[in-house]
Structure formats: structure tokens, C-alpha cells
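Visitor: Once you know that position 399 of the sequence shown is 399 in the UniProt record's numbering, the rest is easy, because the numbers rise by one and skip nothing. Note that beta-carbon positions come from the ideal geometry of N, C-alpha and C, so glycine has one too. What you are looking at is a predicted structure, and each value in this text was computed from that prediction instead of being measured.
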Amino acid sequence: MQGGQCTTIIISVMGTLQQKSILKGQQVKRTGNKELLHKLFAESAQQYANDVAIIFEDANGDVRGLSYKQLDILTNQFARVLRKYAEEAGNDRQPLVAICMKPTERLPTILLSILKAGMAYLPLDSEFPPSRLKHILQEAEPLLVILEKEADTSVYAGTPTQTYEQLLEQAQMQSDDTLELQEDPEQLAIVLYTSGSTGIPKGVLIRHATVLNRLHWQWRELPYAADEIRCIFKTALTFVDSVPEIWGPLLRGRTLVVVPREVTKNPERFVWMLEKHKIQRLVLVPSLLQSMLMYLNLQNKQDTLPSLKLWICSGETLSISLADQFFVTFHGEDRMLANFYGSTEIMGDVTYHIMRDRNDLKSMEKVPIGKPIDNCIVYLVNKDMHLVPQGEIGELLIAGRNLAAGYLRDRESHRFFDNPHVVDPEYSKVFRTGDYAKIIKGTVIYEGRVDSQVKVRGHRVDLSEVEKIVSRVPEVDKAVVLCYKPGDLSQALLAFVTTKNDTSTGTTEIETTLKKRMPLYMQPQIIIVDRIPLLTNGKTDRQTLLRQYESSKTTNETNEITNCDYTGVPEEDLEKAKILFPTIASVIGASSRGTITTNGNFYELGGNSLNSIYTVTKLRDQGYYVGITEFITAKTLGDVLRLMKNHAENDCLKESINEEQRYFEMLNDSHKKDAIEIITESFYVKADLERWLMPDIRRDDYRILMEKLWEPLVEKNVSFVVKSSQDDRIVGVGLNFDLWDEPEVELDSKLMIVFEFLESLEQPIRDQKLPKGKGQIIHNFMMTTHGDLSPPENVIVMREMEEYCLRIARKKEYVGIFTTNTSPLTQQLGTDVYGYETLLCYQVNQYIAPDGTKPFGRAQDSQVVICSLKMID
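1. Taking the C-alpha atoms as reference points, what is the distance between TRP692 and GLY158?
2. Does the count of Cβ pairs from the stretch 668 to 684 and the stretch 693 to 704 closer than 8 angstroms reach three?
3. Shortest alpha-carbon distance to SER321 belongs to which of LYS576, ALA117 and LEU289?
4. Mind checking whether LEU188 and LEU212 have CB atoms under 8 angstroms apart?
5. Using only alpha-carbon positions, find the residue among GLY342, GLU707, GLU139 and LEU133 that is nearest to ASP410.
6. Answer with buried or exposed for GLY90, where buried requires no fewer than 16 other C-beta atoms within 10 angstroms of its C-beta.
7. Alpha carbon to alpha carbon, how far is GLY253 from ASP51?
8. Give the secondary structure of GLY248 by DSSP, where H, G and I count as helix, E and B as strand, and everything else as coil.
9. I'd like the ranges of any alpha helix (DSSP H) spanning at least 4 consecutive residues and lying wholly in the stretch 565 to 593.
10. Can you confirm whether the stretch 425 to 442 touches the stretch 386 to 395 when touching is taken to mean that 3 or more C-beta pairs between the two stretches lie within less than 8 angstroms?
11. Buried or exposed: VAL328, going by 16 or more other Cβ atoms within 10 Å of its Cβ?
12. Among LEU667, ILE312, GLU316 and MET119, which one has its Cα closest to the Cα of ARG281?
13. Would you identify the three-state DSSP class for MET347, choosing helix, strand or coil?
14. What separation, rounded to the nearest whole angstrom, lies between the Cα atoms of LEU310 and ARG356?
15. Taking all protein chains shown into account, do 16 or more other C-beta atoms lie within 10 angstroms of the C-beta of MET173, making it buried, or fewer, making it exposed?
16. Specify the secondary structure class of ASP541 as computed by DSSP and reduced to three states.
17. Give the list of continuous alpha helix (DSSP H) stretches no shorter than 4 residues that lie fully inside the stretch 213 to 262.
18. Is the Cβ-Cβ distance between LEU761 and TYR836 less than 8 angstroms?
19. Return yes when the Cβ of ALA117 is within less than 8 angstroms of the Cβ of ALA151, no when it is not.
20. Roughly how many angstroms lie between the CA atoms of GLU550 and VAL444, to the nearest whole one?
21. Below 8 angstroms between beta carbons: does that hold for VAL271 and LEU318?
22. Where does TRP740 fall in DSSP's three states?
23. When we look at the beta-carbon of VAL745 and count the other beta-carbons within 10 Å, is it buried (16 or more) or exposed?
24. Identify the continuous beta strand (DSSP E) that holds ASP53 and give its terminal residues.
25. Have a look at GLU186 and LYS276 and give me their C-alpha separation to the nearest angstrom.
26. In angstroms, rounded to a whole number, what distance separates the CA positions of ASP851 and PRO95?
27. Measure the CB-CB distance between ILE526 and ALA492 and report whether it falls below 8 angstroms.
28. By how many angstroms is the C-alpha of ARG432 removed from the C-alpha of residue 891?
29. According to the neighbour-count rule (16 or more other Cβ atoms, all chains shown, within 10 Å of its Cβ), is VAL258 buried or exposed?
30. Roughly how many whole angstroms lie between the Cα atoms of THR163 and THR598?
31. To the nearest angstrom, report how far apart GLN863 and VAL844 are at their CA atoms.
32. In whole angstroms, what is the alpha-carbon distance linking THR7 and LEU534?
33. Under 8 angstroms by Cβ, that's how I've got TYR814 and ILE778 pegged, so tell me the actual separation to the nearest angstrom.
34. Would you identify the three-state DSSP class for PRO792, choosing helix, strand or coil?
35. Check GLN162 in the structure and name its three-state DSSP category.
36. Given MET871, which residues of its chain have a CB within under 7 angstroms of its CB, disregarding the five upstream and five downstream residues?
So this is what it looks like as C-alpha cells:
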């Protein structure tokens with residue numbers, strides 16, 4: 001996916017032979033009235049009419065999608081409805097439509113409809129504090145806000161609102177012909193709000209031509225592979241990286257896979273989704289890359305994400321150590337790591353640097369941000385706006401087709417100004433980025449910020465904006481907001497505050513107030529101090545404050561008594577608690593976030609999905625093990641303590657059934673609907689073998705299988721369900737047959753590959769090692785739990801189902817239970833807890849199907865299937 005060399009160096013001679021700091025990207029002329037996003041989509045819709053344009057899988061596993069033809073027709077109808085709002089407003093107002101919707105297939109549909117209506121879209125986030133929403137709505141004056149059906153409309157007072165459902169009802173009465181309008185590539189397409197140097201959010205005006213310059217470069221330099229069918233849209237719409245994520249695939253006939261937010265927060269589900277859809281490229285901030293690498297290393301998987309060849313980092317500084325860790329993780333594999341640089345004002349990405357192996361990192365102190373993309377120029381200047389020689393540090397200016405049209409209401413217009421270094425009208429304006437950089441051997445090296453802006457998980461945050469909001473809290477007297485270790489995994493926003501004399505307010509009260517006034521990613525950790533230290537010139541002594549924080553953080557790491565309360569920790573868990581609590585304190589910097597106790601919640605203490613993985617990694621380094629998903633979903637630290645195991649600890653899972661919490665029933669027809677649903681969802685989402693066959697396995701394949709098996713399962717009367725005593729719902733299903741009395745089932749789906757594989761393992765064992773005849777051996781062939789169970793509940797229910805299966809065998813006077821386990825959990829329960837004898841341990845990726853293929857060839861070497869037998873005493 002590599003293009004040719006596209007950067008030249010312009011040499012200015014100004015009394016010296018030194019090269020001046022200018023880099024120019026490849027010049028590509030593009031003209032024509034089709035240079036509009038929706039016009040190019042129309043070409044895709046005609047060329048790929050019957051291909052899938054968008055798919056979305058909801059929390060229930062239901063998949064919804066639209067073909068290119070369906071999407072084209074539907075958006076034509078929506079556009080006619082939306083156009084009426086622009087016509088009613090007249091020519092005096094900017095035709096903006098605000099949108100505040102969850103990421104589903106509906107979101108890109110509405111965006112495309114807005115553009116087809118000759119309007120621009122303005123993303124909002126439902127998590128924005130009311131004050132931020134109010135500011136945006138008052139300044140931008142959108143004609144309409146499109147929101148979710150359940151949204152609170154009171155926060156949009158004064159602006160008309162519509163739901164998708166309401167617009168759809170109107171759209172169905174419209175013509176599906178394309179709306180013909182007088183349009184120009186220079187017209188507005190998107191308004192994105194970002195932090196400003198004045199501390200007030202401002203709207204960046206992005207034109208169609210600007211977006212398309214960025215996309216055309218991407219399609220040329222990093223083209224989609226012939227077999228790259230699906231691409232993901234996972235980034236929040238309010239973030240500039242969402243723009244190429246959405247429009248890059250849709251304008252090139254690819255399928256856009258819309259990813260729910262809860263999936264991106266869970267590494268296990270996110271990795272599974274990437275593998276399922278065979279995603280070949282991924283854009284992510286370095287902190288998310290680090291968490292994914294940690295997760296992959298924790299899982300010790302080989303050949304993970306084999307399709308994902310291009311990893312693109314943007315939004316934060318990419319460190320040499322992290323880049324090196326990437327190539328170590330994927331050692332010997334064909335992977336590319338790209339480092340993009342940019343901001344909303346320059347269409348997200350304006351320079352890029354590509355690495356293919358560890359050799360590309362040799363002799364580097366920093367990962368470069370690279371060279372300019374097409375039709376863009378980079379300048380490095382001193383405080384007088386004169387070019388600095390190459391090798392010297394200067395402020396970074398950008399000119400070219402990636403520049404936004406400025407800010408809404410012409411705010412901070414001084415950031416966009418006439419270019420003093422060129423006469424070409426194509427580059428007549430430059431944007432002042434506020435970043436320092438230098439040019440070494442034709443490559444730009446990033447050297448930090450000029451002002452107070454930092455990146456937090458890819459979001460640009462202006463510290464002065466945060467400082468102003470903190471200062472407005474009634475109990476706060478003075479406030480200074482700093483960033484601890486910018487760009488590092490342990491990066492933290494810190495607000496040092498003094499409180500008014502007449503208040504005894506603590507950190508919790510201030511942080512609670514801030515939650516109502518700013519987005520989550522902007523919220524700082526509050527540190528109350530007696531005074532704000534000053535330098536001799538009267539300015540804040542920021543370094544002293546950071547040293548105070550560093551000192552308190554170190555104290556907490558070495559003296560857990562300072563911030564860790566072990567009251568209520570059971571004696572048998574105390575040793576583990578004295579590892580867990582200080583580890584959490586050191587990871588999240590919880591010195592003033594409240595005491596860490598057994599009832600505390602990791603996230604309420606300041607944790608997030610990124611540093612949760614770091615926590616699990618640090619626990620592992622200290623000899624304690626807990627699953628990633630288990631840690632993420634644990635409600636309290638007490639739950640985490642119960643899940644933690646050390647390498648020398650014997651598993652004590654062998655317990656009796658808790659009849660006050662759950663009870664069992666033999667399988668009957670009243671269970672059919674719920675039991676089939678649980679089995680379908682569990683195996684479709686979590687099955688260990690089927691995941692290697694995705695996306696060729698469908699949910700209906702499991703339903704069809706269960707419909708065929710249901711009657712004999714009920715008739716044989718050795719299967720069961722487990723129900724919750726609280727609400728009588730089914731929380732687990734165990735399916736058994738007599739080994740010598742099993743029905744034959746014909747399947748047309750890819751599930752037959754799984755059954756053929758298991759049969760190839762089990763048949764020789766049945767014939768050669770097991771007692772013959774009915775009534776001898778129970779075959780436990782399928783056992784699963786409800787997806788709503790927490791990880792601790794899942795382990796408990798699985799254990800109790802194993803115990804109940806033994807009870808059935810004893811009651812019906814069977815001599816043994818035979819089972820084939822594909823799950824590490826059931827393998828552990830069988831071997832370590834219930835004493836099953838291992839008859840066969842088979843490496844999954846070695847299986848050769850009858851047609852000569854290896855259907856599970858991508859599985860790691862450590863993934864095995866265990867056939868085992870439990871003889872009944």
C-alpha cells in the first residue's frame with residue numbers, strides 16, 4: 001500500500017546556502033463539479049448498487065444493513081425533507097443541521113442526506129454538558145437538531161428538533177430522485193467544534209474540497225486492497241478522524257461497519273470484531289494502541305488480527321518505545337505502522353510517516369510526523385515569521401488544500417492569515433498550528449506545543465478552557481490546570497485549587513460539580529493546596545506544582561497506608577489487597593480521588609478502559625492474574641479480589657450448588673424460546689472454534705441447529721436449564737445425550753465444519769476407549785450461560801452446571817460423562833476441579849478438513865480442544 005516519493009524540498013537562498021524549513025507535498029490538480037462528497041457517493045451507488053454499503057450489529061446481535069442502492073434512494077428522500085428547512089430559513093442563515101445520534105447504520109444515512117440537501121452537518125455529543133451545548137447552539141444557530149427518540153429535548157430549547165423516526169415518516173412520502181441544486185466544491189460540508197486558545201470552544205468550517213483533498217491522497221498513497229471489503233467507523237462523530245473513517249470507504253464502494261461505543265471500550269470484544277470482519281486498517285490514538293498491545297500480549301495469542309495490516313496512529317504523540325513494542329508484538333509479520341499529524345483546522349491529517357519494521361526506528365530519538373500530504377506545504381518559522389534553517393526548531397505553519405475555511409463567526413481569525421512565503425494563490429493562506437517542530441533530512445520531527453493545548457485520548461483539550469471552568473466552581477478561590485506527562489500512558493489532567501475561607505469543600509464535591517460542566521475526557525483530578533506557588537516574576541510556578549504531585553504520587557506507590565483502607569477485607573484476601581490497592585493507586589494517581597477500599601469502583605476512582613489494562617498488566621507482573629473482561633466488568637474491588645489468583649494458589653471452585661440463588665429444571669418445551677436464544681447468542685458471540693469461520697457463520701445457523709435437536713433433547717431427558725431464584729429467568733443451559741443414542745443431524749451451514757472436526761476427534765475415542773451400549777456414558781456436548789451474567793457469576797453458574805450434570809449421571813446410574821471442551825474455562829473446571837481424565841488434547845490449527853483446507857489455521861498454537869472422561873464413583 002505504498003505510493004511513490006511525493007515530497008520535494010524548496011531551497012531559499014537568503015545570504016546563506018542553508019536549506020530553509022519548507023516541505024511541499026505532491027501537487028495534484030483536481031477540478032470538476034463532481035468534487036463533492038455526495039456526488040462521488042452517487043458514482044459509488046451506481047457502480048456498487050447491490051453491494052452492502054453499511055452494516056450495524058446491535059447489542060442483541062441483530063444485524064441491520066443497507067445496500068448502496070437502498071442507501072442512495074433513502075438519502076434522496078431524506079434530503080428532500082431536510083431541504084425544506086433551508087428554504088424556509090432563506091439565504092441569511094448558514095444551512096447547518098446539528099446531529100446528536102448514537103453510532104448505528106442510521107447515523108451515516110443522516111449525514112449523507114444532509115449533504116445531499118446542500119447543507120452541512122454539525123456533530124453534537126449527548127455527553128456534552130448543557131453549558132457547552134448551549135454555547136454551540138447559540139453560536140452556530142443550526143436550522144434543526146436530529147436526535148434520538150429518547151433524548152431530552154429541553155436542552156435544545158429554541159432549536160427545532162426531529163428524530164430519525166419522524167424524518168423517516170416524512171421521507172417515505174417524497175420522491176427518490178436526486179435533488180438537483182446549484183453547488184460548489186468550496187461550499188461548507190462539516191462544522192466541528194474544538195477547544196480554542198481563548199478557552200471557548202469554536203466551530204471549524206470544513207469544505208467539501210478540503211475533505212476530498214485528504215481522501216484523494218489516502219486513496220492514492222494508501223489505497224484499499226482488492227480484498228479489503230469492510231472498513232470500520234468507530235470514532236466519535238465530534239472528532240475529525242471520523243470524517244475519513246466514514247467517507248473514505250463509502251466513496252470507494254466498501255462496506256462501512258458501524259461499531260457501537262461499548263465495543264471499542266472492551267478490548268476483547270473489539271479485537272473479536274476486527275477479526276470477524278477481517279478489517280485491514282485501523283486508526284487509533286497511541287494510548288489505545290498501547291492498551292491493545294498490552295491486551296494481545298496478555299492473551300499470548302499468535303497470529304492475532306492477521307488481516308489488520310495497516311495501523312494508523314494520530315491524535316497524540318507516538319513514542320519510539322511504543323512503535324518498537326508494536327513491531328516486537330508482530331515480529332516477522334507484514335505490518336505497517338503510520339504516524340499521522342494534524343488538527344481539525346487542517347483536516348485531521350496533514351503530514352504522515354510510515355514504518356514497516358524495527359529497522360525504521362534505528363538512530364531515531366523520536367518518531368517523525370513525516371512529510372506533507374498532497375497539495376499541502378509545511379513551513380517552520382521563528383517569532384518574526386521568518387523561515388528557520390533546517391535542523392532548527394520553529395513554529396509549524398501549514399498552507400494548502402487541507403486548510404479549513406476558518407472559524408464560525410470569524411473567531412480567532414489570527415490563526416489563519418496571509419502566507420508571507422509564497423505567491424501561488426493555491427497557498428495564499430496559512431494556519432498557525434501552535435506546534436513546534438524541526439526538519440531533519442526532509443522529514444518533520446514534532447517538538448511540542450507553543451500554548452496550553454494537549455491531547456487527551458485523541459481529543460484536543462485547552463488547559464485554559466479547563467482552568468476557566470474549574471475557577472467558576474463557587475467553592476474554588478484560585479485554580480491552575482496542568483498536564484502531567486503529556487502523551488504518556490500515565491498522562492493526567494491536574495487542577496491545583498485553593499478553596500474559599502468559608503468552605504470546607506473537598507475534592508469529591510468539586511469533581512461532582514465539574515461532571516455537569518464538561519465532557520468526561522476534559523475532567524481533571526482535583527488537588528486542593530494551601531497556596532499556589534509563584535515565581536519571582538509573579539507567574540505560577542508550574543514545575544513546583546508538578547513536583548508536589550510527583551512526590552505525592554510516589555509516596556502513594558511506596559506507602560499504601562496513605563491512600564488505601566483495608567477495612568472490611570477478608571483475612572484470606574488481605575495479601576492480595578495489599579497488591580491490588582497500591583497498584584490501582586499508582587496507575588490512576590488516586591492521591592486525592594478518595595480512599596481505595598474494598599467497596600470502591602475502579603472507574604469512579606478515576607480509572608478508564610485504557611489504564612484498566614495497564615492495571616491488569618502490573619498485577620500480572622507481581623504474580624497475580626485476573627481476566628481483562630473480568631476486571632473491566634467488576635463492580636467493586638472486592639469482586640476483583642475474589643477473582644485474583646496467584647500462580648501458587650490452588651483453585652477452590654469445587655462448591656455445592658447455591659439453591660437460594662439458582663435452581664435447576666430438566667429441559668422441557670416451556671424452555672424452548674429462551675434456551676435457544678441463550679445458546680444462539682452465546683455461541684455466536686463467544687464460540688472458540690466458530691470465530692475462525694466468521695463471517696460465514698450466521699445467528700440463524702444456531703437456531704436451525706437447535707430446532708432440529710430440540711425434540712430429541714427433550715425426549716431423552718438428560719438435559720437441563722438453570723434458573724435464577726430471584727426472577728425465574730434462565731441463566732444457563734446444559735445439553736446432553738446418551739453417547740450411544742444420539743440423533744443424526746444434517747446441516748447446510750458452515751457449522752458442519754465444526755461438527756465434522758469434533759466428530760473426527762471423538763469417533764476414535766468412542767470406538768476404542770469408552771464402554772459400549774446405552775445407559776453407560778452421558779455425552780455433555782453443549783453448555784453455556786446467559787450473556788448478561790457478570791464474569792464472576794458466569795464462573796459460578798458454569799461450576800454449578802458441571803456439578804448438576806454429575807448429579808444427573810449418578811441419579812440415572814450412568815458410569816461416566818464424556819465431553820469435548822473448546823473453552824479454557826470449561827477445560828480448567830473439568831481438569832482441575834472435577835478430575836476429568838484427558839483422553840486427547842488436540843491443537844486446533846492442525847486440523848485438515850476433508851476438502852484439504854485448514855479451517856482453523858489462523859488459531860494460535862495454544863488453542864486446543866480437550867476430549868475428557870469422568871467416571872462416576
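Guide: In short, the structure shows the following:
1. 52 angstroms
2. yes
3. LEU289
4. no
5. GLU139
6. exposed
7. 8 angstroms
8. helix
9. 574 to 588
10. yes
11. exposed
12. ILE312
13. coil
14. 10 angstroms
15. exposed
16. coil
17. 242 to 250
18. no
19. no
20. 32 angstroms
21. no
22. coil
23. exposed
24. It is worth fixing the name first, because residue 53 is Ala in this sequence and not Asp. Its beta strand (DSSP E) spans residues 52 to 57.
25. 39 angstroms
26. 59 angstroms
27. no
28. Because the chain in this structure spans residues 1 to 873, residue 891 falls outside the shown range and cannot be described.
29. buried
30. 43 angstroms
31. 6 angstroms
32. Below a pLDDT of 50, predicted positions are generally treated as unreliable, and THR7, at 32, falls in that range; the measurement from the model is reported next regardless. About 47 angstroms.
33. 5 angstroms
34. Low confidence applies here, because PRO792 scores a pLDDT of 49, under 50, leaving its location unreliable; read the following figure in that light. In the structure shown, PRO792 sits in a helix (DSSP, three-state: H, G or I).
35. strand
36. VAL815 and GLY816
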